[in-house]
Amino acid sequence: MDSDYALALKLQKEWEEESGKGVSDNTVFSSPKCNASQARKETKPTCIVDPEWELIDPNPDARLLFMEFDKKYFWGKLAGVEVRWSPRMTLCAGVCCYEGRGGLCSVRLSKPLLQLRPRKDLVETLLHEMIHAYLFVTQNNRDRDGHGPEFCKHMNRINQESGTKITIYHSFHDEVSNYRQHWWRCDGPCKSRPPYHGYVKRAMNRAPCPRDPWWPEHQRTCGGTYTKVKEPEGYGIK
1 MDSDYALALK
11 LQKEWEEESG
21 KGVSDNTVFS
31 SPKCNASQAR
41 KETKPTCIVD
51 PEWELIDPNP
61 DARLLFMEFD
71 KKYFWGKLAG
81 VEVRWSPRMT
91 LCAGVCCYEG
101 RGGLCSVRLS
111 KPLLQLRPRK
121 DLVETLLHEM
131 IHAYLFVTQN
141 NRDRDGHGPE
151 FCKHMNRINQ
161 ESGTKITIYH
171 SFHDEVSNYR
181 QHWWRCDGPC
191 KSRPPYHGYV
201 KRAMNRAPCP
211 RDPWWPEHQR
221 TCGGTYTKVK
231 EPEGYGIK
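Heads up: the sequence shown at position 207 corresponds to 207 in the UniProt record's numbering, and the numbers run straight through without jumps.
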């Protein structure tokens, strides 16, 4: 036997005895990096609204979510539907728009209302509007406010499959109120009537006027004049 090889075997035996354990020829060493990656995959939440997602992916790409949900829950029928953020929409968290005769459809998400909300709210708002888009694409249903049997059927189906709690409403009242910083109040009889007590609150500086659909009724039952009583601090100062 080669003297160098014999010496190597002797040193190996001594090292194994000192360490208290031997290493067999069949021992397989795994890469720590691979194990960590595998562990992440194994512990990845299956529920799309699991609280862990707030740490794993707190600010997801809305378009990528849309594409993923389209494949999972809408059989790929929404490939031609657009999804985008709206920086000015403050009255509701999301809306599904139908444009033109060609059947163009887009889902718009409120950036002001959703950007500081939990990820779960974005997911459920997006799925809500995707149901509207699906009904439009497959049935030409253009009723944005309709939440009838067909809508509820798909809503319940997705809730059961995904663990979500999609509802027929998704207006975040605290956030909506926070953005309504322009206030007017009527000096007529409606000033004493609940629930509004003569107040009109808006996110933009647009005073009540005859273009409002409720204006004729107000003129008939009250007839008072609106005066601005509040606006954002520093508004109008350049």
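All C-beta atoms in this analysis are idealised placements derived from N, C-alpha and C, irrespective of residue type, glycine included.
- Between C97 and S106, the C-beta spacing is below 8 Å.
- DSSP links W183 through a beta bridge to K201 and K230.
- DSSP places L104 within a strand segment (E or B) once states are collapsed to three.
- Within the same chain, R185, H197, G198 and G224 come within 8 Å of K191 by CB-CB distance, once the 5 residues on both sides are set aside.
- Assignment of W214 by DSSP, reduced to helix, strand and coil, places it in the coil class.
- Boundaries for W75: no alpha helix (DSSP H) harbours it, and the DSSP string shows neither H nor E there.
- One alpha carbon belongs to V137, the other to M89, and they sit about 24 Å apart.
- The DSSP-derived three-state label of V81 is coil.
- Contact between Q181 and P112 does not hold, since their C-beta atoms are separated by about 12 Å, which reaches or exceeds 8 Å.
- Residue pairing by DSSP leaves Y235 without any beta bridge partner.
- When DSSP states are grouped into helix, strand and coil, C96 belongs to the strand group.
- With contacts defined as CB atoms closer than 8 Å, V49 and G163 qualify as a contacting pair.
- L78 has its alpha-carbon roughly 6 Å from the corresponding atom of D70.
- For P112, the enclosing alpha helix (DSSP H) covers residues K111 to L114.
- For L126, the enclosing alpha helix (DSSP H) stretches over residues R119 to Q139.
- If the five residues before and after Y169 are omitted, its C-beta is found closer than 8 Å to no C-beta atom of its own chain.
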